[in-house]
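In this note's numbering, the protein residues as written are 422 to 1353. The beta-carbon is built from N, C-alpha and C at its ideal position, and this holds for glycine as well. Note that the coordinates shown come from a computational prediction; the quantities given were computed from them, not determined experimentally. Data first, discussion second: the structure below is written as structure tokens.
So this is what it looks like as structure tokens:
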């Protein structure tokens, strides 16, 4: 605050301030101190910590510092004591020249709150400058006829101090011609005048030497001296007269060096040397002597250096005109400097934050600026703007301070670094501007979950893949950074077929690569649904899921499986029967096979690999049906061996083979006769049959040798067969009506091919039955097995020999057989349902031999019978009493039927190409069997 005078003693106040060091008080939210000039560096100015309501240690913690506004730093803060101290030597005269009060203004910034506190320090004057004259010697010319009392102004001394420390008095050295008086000008300036006390006589003394002393009122007292040389000249009764008492000029600050500002002009009415006028500076500062020059002859005032409005806006000086004898006069010169816009605005960053979180609220302070322009008025009015369209704005604080704050929410994923350009423009014409650049980084927060490139993924893996093989890779992207973008992958917990998904698939948590933990089997499962989770490492972590469908692709890893005829398990070979009357195209049997694979890997084709009689039989390529390729001849052997190969269409193809044995005969006696005449075959496939025949012959010999034992066995056998026939009837009634195999939505009916050979015996006769193979939709029911619709019709062997049939064979009942359209198609296109079965009762060679031996025995004695209570023994190759059903797996989903599935439609009994009315192909219309 302004220093208060105490008792009017200004000097006492100054001394008190020096002793106390400082005084201060707060006003309007500001703080004011005072300090004497020329104090040592680090001198105490004021306790700023106390005035701010802080402890000394809090100055550093809160970032309290001095803002000088771009000027020289005069003061500093002592962080230990919390006081304001001087930063160096302070010269009041250098800062404020001769101003009555010297005030230094600056601000203190508290960074943690971005708060500013204005500070004002008054620099108190001390008597550190002595009065000083601008010249070492003054020359005064006085006419010898000058009257006493005439006054001659002298150059005053200059003392930059103020108050009592400034110039107070002048003193002239003692002499008898001159005295000294002190005058005070309108502006308060004190200057001396030399007073002539006695008339001068040039002839007595032409030069007078005086000493002028200027003293101030300080303590201690300081003074300065100048020599005065008084020259006595001749009489000159006219003095120069200026055209104007005061000269004024206004010039812009940017005028070139050497520009003429004005011309002073004085006229002397005298003649000769008394009228010759010269010009010189009379009252001028040292600074003006460096800026201006005065032509002593012409009076032109011009510049020596560039003028600067910011250094001084006004210059004042006095010039004198002196004639030859020494008469002189003075005039004042006033020079006003006009400001031009030659200074660009200056932007000083006081505080700045280089990092800001992206979730910072609107209005967060980023930086604090101080803006100044050394020009004045419009040229010094500064406007700050932010270049480009950025989410920031500038807010004006106190004085020339601006705050840079956020205007909108930031998003690091859109822009992570902001290069902010603050442009300061003044109001001059043309305007000047300056730019300040701030780089601001946006700190990341975890605000984005990982994102997969697709909504879902489909993976196709061939079956039988190696264990641990990489099958797929998923990748997620997180736009965050560092830990917030570090992604780990995992599988969602789920179960499949009673096991956790993690037992099938594993995933690398770092790379997202999926591995198969086992070898997949297309026949076990074909697809697997799982979820992959991507989770970042942020706090809290964010995650996202994606669906992944794994499809197992089929490979040809299963060979065809032959369902019919079933492979023997007891060492016997199955036998198929074909009458010698069969015409070309007669259906002998059918090979039924399936393949557990799918697609073309399950497409099956059949071919005849080997035959004992080439050209006699043919196999359907896609149906597997074994048919006669030509009519059977008498020379054709009874036993025909065929090897059929079944092959799929995979890469590489897989195959299976089956051996078929076909017995060719029109009747059982013919079979027996032919079997007796069979020669041992060199074919390895006939070795088993030959062995069985040898055993049969041995068995017959044993029977004839032990007749009593044979009779007993025969009676027990008849009783046992009777029971079997009844049981067979019950079993046939219980067989499901149909067995379907689903292939791509098409249901094919399982066909069976039935040949029945039965031996019946009454008291004296033997009969053989060769029903034609027929096909019906369903098996016969228990109620349909009645006498009026017999399944088996007896054939009298004796009558056959005499060509006199007594009993007509009834046409076979087709109700229980399979129709031709319902025959099994390509293998793999038929299979039963989950509870269905395939027929699996081959005609065993051993059974055939036993039948032949028994028949031969009965024919020999004429009284024996092979049948049981009913007089018959069923020897059906497929549907006898020993018929059983076996489970067949369901392959309906993985079979495609290539080619045509058309089959013969001999549902009415036209298997051999003839009408179904007759029983066998050789039967006469009377129903009796013809002899061959």
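Would you identify the three-state DSSP class for residue i, choosing helix, strand or coil?
i            : result
residue 805  : strand
residue 1231 : Unreliable positioning characterises residue 1231 in this predicted model, as indicated by a pLDDT of 37, which lies under 50. A coordinate reading is not provided.
residue 825  : strand
residue 1140 : helix
residue 854  : strand
residue 927  : strand
residue 943  : coil
residue 687  : strand
residue 585  : helix
residue 1113 : helix
residue 1060 : strand
residue 759  : strand
residue 1264 : In this predicted model, residue 1264 has a pLDDT of only 37, less than 50, meaning its place in the structure is not dependable; the value taken from the coordinates is given anyway. The answer is coil: DSSP assigns residue 1264 none of H, G, I, E or B.
residue 835  : coil
residue 983  : strand
residue 797  : coil
residue 570  : coil
residue 1273 : Reliability fails at residue 1273, whose pLDDT of 39 lies under 50, so the model's placement of it is uncertain and the value that follows must be treated cautiously. Helix, per DSSP.
On the CB-based measure, 16 or more other CB atoms within 10 Å of its CB, does residue i come out buried or exposed?
i            : result
residue 930  : exposed
residue 1123 : exposed
residue 568  : exposed
residue 610  : exposed
residue 514  : buried
residue 1100 : Note on residue 1100: pLDDT 45, under 50, position unreliable in the model; the coordinate value appears next. Exposed, by the Cβ-count rule.
residue 727  : exposed
residue 782  : exposed
residue 711  : exposed
residue 981  : buried
residue 1140 : exposed
residue 945  : exposed
residue 972  : exposed
residue 556  : exposed
residue 819  : exposed
residue 510  : exposed
residue 525  : buried
residue 1086 : buried
Who pairs with residue i in a beta bridge, going by DSSP?
i            : result
residue 952  : 968
residue 1069 : 1025
residue 496  : 507
residue 773  : 788
residue 908  : 957
residue 554  : Answer by DSSP bridge pairing: none, since residue 554 is not bridged.
residue 999  : 1085
residue 673  : 759
residue 668  : 754
residue 564  : 654
residue 611  : 605
Just the Cα atoms here: how many angstroms apart are residue i and residue j?
i           : j            : result
residue 507 : residue 452  : 16 Å
residue 913 : residue 952  : 5 Å
residue 539 : residue 855  : 26 Å
residue 743 : residue 852  : 48 Å
residue 736 : residue 821  : 29 Å
residue 890 : residue 1014 : 35 Å
residue 778 : residue 771  : 21 Å
residue 464 : residue 791  : 28 Å
residue 686 : residue 715  : 12 Å
residue 461 : residue 663  : 50 Å
residue 601 : residue 799  : 51 Å
Would you mind reading off the limits of the alpha helix (DSSP H) that contains residue i?
i           : result
residue 811 : Unbroken run through residue 811: none, as it is neither H nor E.
residue 712 : 707 to 712
residue 472 : 469 to 472
residue 779 : Residue 779 -> no alpha helix (DSSP H), and no H or E assigned at all.
residue 481 : 479 to 482
Quick check on the DSSP output: the beta strand (DSSP E) that includes residue i runs from which residue to which?
i           : result
residue 697 : Segment: none, residue 697 is in no beta strand (DSSP E) and carries neither H nor E.
residue 513 : Taken as a continuous stretch (DSSP letters only), residue 513 belongs to no beta strand (DSSP E), being part of the alpha helix (DSSP H) at 513 to 517.
residue 579 : Taken as a continuous stretch (DSSP letters only), residue 579 belongs to no beta strand (DSSP E), as it is neither H nor E.
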